[in-house]
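Student: Handing you this structure, nothing more for now.
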Amino acid sequence: MPNQDIALMAHLLRRAGYGASRDEIESRVAQGYDNVVAELLNPGDDPGIDEDLMYRAYPSYFDKAAIETGQTEWVYRMINNKYQLKEKMSLFWHTILCAGDNKVDNARTTAIQIDKFRDMGMGNFKEILMMLSTDPAMLYYLDNIESHKTAVNENYGRELLELFSIGVGMDGESNYTEDDVKACARAFTGWNLAPTIPVSLMVGHLLSSDSIRQTMTMGRKLS
Numbered sequence: 001m002p003n004q005d006i007a008l009m010a011h012l013l014r015r016a017g018y019g020a021s022r023d024e025i026e027s028r029v030a031q032g033y034d035n036v037v038a039e040l041l042n043p044g045d046d047p048g049i050d051e052d053l054m055y056r057a058y059p060s061y062f063d064k065a066a067i068e069t070g071q072t073e074w075v076y077r078m079i080n081n082k083y084q085l086k087e088k089m090s091l092f093w094h095t096i097l098c099a100g101d102n103k104v105d106n107a108r109t110t111a112i113q114i115d116k117f118r119d120m121g122m123g124n125f126k127e128i129l130m131m132l133s134t135d136p137a138m139l140y141y142l143d144n145i146e147s148h149k150t151a152v153n154e155n156y157g158r159e160l161l162e163l164f165s166i167g168v169g170m171d172g173e174s175n176y177t178e179d180d181v182k183a184c185a186r187a188f189t190g191w192n193l194a195p196t197i198p199v200s201l202m203v204g205h206l207l208s209s210d211s212i213r214q215t216m217t218m219g220r221k222l223s
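Residue 51 in our numbering sits at position 51 of the sequence shown, and the numbers go up by one each step.
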């Protein structure tokens with residue numbers, strides 16, 4: 001097998017993913033460069049997470065709201081997902097259309113956003129922005145849950161125009177006006193989140209209720 005073919009395939013798998021072992025590179029070379037590119041650009045269904053393996057390797061995996069859980073799950077996907085470009089694109093969009101855990105502080109919410117990037121990352125940018133505008137992590141991160149008719153918050157509207165889409169021209173001048181920001185912010189008023197019930201509180205409520213017996217929650221019987 002020519003070294004130049006190995007080098008070319010290794011470069012592709014580094015750029016379109018997170019690298020590969022020598023055996024995988026050789027297997028991909030045998031598959032054919034054009035066929036590998038076509039597979040990367042037209043991925044199949046996401047294989048998902050092997051939860052049994054995750055619980056064995058990371059016992060705290062049950063805590064879906066912990067930042068460390070989200071990080072562990074994503075690294076697993078980066079290593080094991082056959083369709084590496086999907087993972088690379090989810091990371092790409094996460095670095096640009098970001099909602100940081102330092103403020104969202106709920107890894108499950110951030111992971112759901114990353115799942116959307118994984119599914120939509122090679123699709124239509126307009127559809128990605130439409131999704132982002134109602135995404136729970138972004139609604140919280142850029143304060144749009146606090147934007148109402150009588151108290152418009154311009155944070156998301158400004159970031160959408162300045163950083164996420166239109167931006168500035170080659171001359172450094174903005175391609176939008178302050179009136180555009182105000183109109184955009186007003187268009188996105190009223191979006192909010194339905195509160196979730198923490199598992200610990202839900203279980204505590206069920207355990208303390210005289211009217212509930214033999215209740216199942218998370219696969220366990222409470223009595």
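Cβ coordinates follow ideal geometry from the N, Cα and C atoms, glycine included.
Fair warning: this is a prediction, and the values are worked out from it, not measured in the lab.
Cβ of residue 83 within 7 angstroms of Cβ of residue 43?
Tutor: Position 83 of the sequence shown, counted from the start, is the residue given in the question as residue 83. Position 43 of the sequence shown, counted from the start, is the residue given in the question as residue 43. Contact: yes.
Student: Just to confirm my understanding: we take residue 55, look at its own chain, exclude 5 residues before and 5 after, and list those with CB closer than 8 angstroms. What are they?
Tutor: Translated into the one-based positions of the sequence shown, residue 55 becomes position 55. Excluding residues within five positions, the ones whose Cβ falls inside 8 angstroms are 61 and 62.
Student: Three or more beta-carbon pairs under 8 angstroms between the region 86 to 94 and the region 65 to 72, yes or no?
Tutor: No, because fewer than three Cβ pairs between the region 86 to 94 and the region 65 to 72 fall closer than 8 angstroms, the two stretches do not touch.
Student: Ordered along the chain, which non-local residues of its own chain (more than five positions away) have a Cβ less than 6 angstroms from that of residue 118?
Tutor: One-based indexing of the sequence shown puts residue 118 at position 118. Cβ neighbours of residue 118 beyond the five flanking positions: 86 and 90.
Student: Between the alpha carbons of residue 175 and residue 163, how many angstroms are there, rounded?
Tutor: On the sequence shown, position 175 is the one that residue 175 refers to. On the sequence shown, position 163 is the one that residue 163 refers to. Taking the straight line joining both Cα atoms gives about 11 angstroms.
Student: Residue 80 to residue 48, Cα distance in whole Å?
Tutor: Mapped onto the sequence shown, residue 80 falls at position 80. Mapped onto the sequence shown, residue 48 falls at position 48. One C-alpha to the other measures close to 9 angstroms.
Student: Going by the DSSP bridge assignment, what does residue 148 pair with across the sheet?
Tutor: Counting from 1 along the sequence shown, the entry for residue 148 is found at position 148. Note: residue 148 sits in a beta bridge opposite 151.
Student: Take the Cβ of residue 31 as the centre, count every other Cβ of all protein chains shown within 10 Å, and call the residue buried at 16 or more, exposed below.
Tutor: The residue labelled residue 31 in the question sits at position 31 within the sequence shown. Burial call: exposed.
Student: Assign residue 202 to buried or exposed, taking buried as 16 or more other Cβ atoms, counted over all protein chains shown, within 10 Å of its Cβ.
Tutor: Taking the sequence shown and counting its residues from 1, the one referred to as residue 202 is at position 202. The predicted position of residue 202 is uncertain, since its pLDDT is 42 and thus under 50; a value taken from the coordinates is nonetheless stated next. Its Cβ having fewer than 16 others within 10 Å, residue 202 is exposed.
Student: Could you name the residues of the same chain whose beta carbon sits closer than 7 angstroms to that of residue 180, not counting the 5 residues immediately before and after it, in chain order?
Tutor: Within the sequence shown, numbered from 1, the residue matching residue 180 stands at position 180. Cβ within range, chain order: 161.
Student: Between the alpha carbons of residue 73 and residue 23, how many angstroms are there, rounded?
Tutor: For the purposes of this step, residue 73 is taken as the residue at position 73 of the sequence shown. For the purposes of this step, residue 23 is taken as the residue at position 23 of the sequence shown. Looking at the two C-alpha atoms, the distance is approximately 25 angstroms.
Student: What residue ranges within the region 56 to 111 form continuous alpha helix (DSSP H) runs of no fewer than 4 residues, ordered along the chain?
Tutor: Those alpha helix (DSSP H) runs which fall completely within the region 56 to 111 and span 4+ residues are 67 to 80, 84 to 96 and 101 to 104.
Student: With contact counted as at least three CB pairs below 8 angstroms, one residue from each stretch, are the region 144 to 153 and the region 113 to 132 in contact?
Tutor: At 8 angstroms Cβ cutoff, the stretches do not touch.
Student: Alpha carbon to alpha carbon, how far is residue 37 from residue 21?
Tutor: The count along the sequence shown starts at 1 and reaches residue 37 at position 37. The count along the sequence shown starts at 1 and reaches residue 21 at position 21. Cα to Cα, the separation comes out at about 18 angstroms.
Student: Can you pull the DSSP bridge partners for residue 174?
Tutor: The residue labelled residue 174 in the question sits at position 174 within the sequence shown. According to DSSP, residue 174 bridges with 168.
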